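Have a look at the structure below, then the notes.
In full-length UniProt numbering, the protein residues as written are 1 to 121.
Put into structure tokens, the structure is as follows:
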């Protein structure tokens, strides 16, 4: 079985290479933000981040370069056991999760959404 991520009660399949992307619109700057994550050793590892613009909290990280309309960089962060995604309903977009398929998460107000590797991942 391929790797998966739990998002609340949902089981989300991952694309080849055990990777997925999260994309959303920044709540203040109204610019797109995208992160590519990989599931490895029962943890989530951020392998790339990209922003469409810059501004309040949206500066590209060290080594950032402009590619196809995005500022792209490789963050130097330790793997995490889970991600908690806010679901205020007040942001301009949902969290767009793309693994084996794409789905929107947290568009309506509610509890934070916990993303974590499946037990078998």
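Yeah, the Cβ is synthetic: ideal placement off N, Cα and C, and Gly gets one too.
No experiment lies behind these values; they were computed from the predicted model shown.
Along the chain, where does the beta strand (DSSP E) that runs through residue i open and close?
i           : result
residue 116 : 113–117
Nearest to residue i by alpha carbon, out of the options?
i           : options          : result
residue 31  : 97, 70, 86, 64   : 70
residue 81  : 94, 119, 48, 98  : 119
residue 10  : 110, 109, 105    : 105
residue 99  : 115, 6, 19       : 19
residue 43  : 110, 76, 5, 86   : 5
residue 79  : 45, 86, 88, 59   : 45
residue 112 : 86, 22, 103      : 86
residue 114 : 84, 103, 107, 97 : 84
Whole-angstrom Cβ separation of residue i and residue j, contact assumed at under 8 Å?
i           : j          : result
residue 117 : residue 47 : Going by Cβ atoms, the distance from residue 117 to residue 47 rounds to 15 Å, so no, they are not a contact pair.
residue 49  : residue 63 : No, residue 49 and residue 63 are not in contact; Cβ-Cβ is about 11 Å, not under 8 Å.
State yes or no: is the beta carbon of residue i nearer than 8 Å to at least one beta carbon in chain C?
i           : result
residue 113 : The chain labelled as chain C is not found in the depicted structure, where only one protein chain is given.
Using a threshold of 8 Å, state whether the C-beta atoms of residue i and residue j are closer than that.
i          : j           : result
residue 17 : residue 101 : no
residue 24 : residue 73  : no
(Q) So within the region 2–86, which uninterrupted beta strand (DSSP E) runs reach at least 3 residues, ignoring any that extend past its ends? (A) 4–7, 10–13, 19–25, 32–40, 43–51, 65–67, 70–73, 83–85
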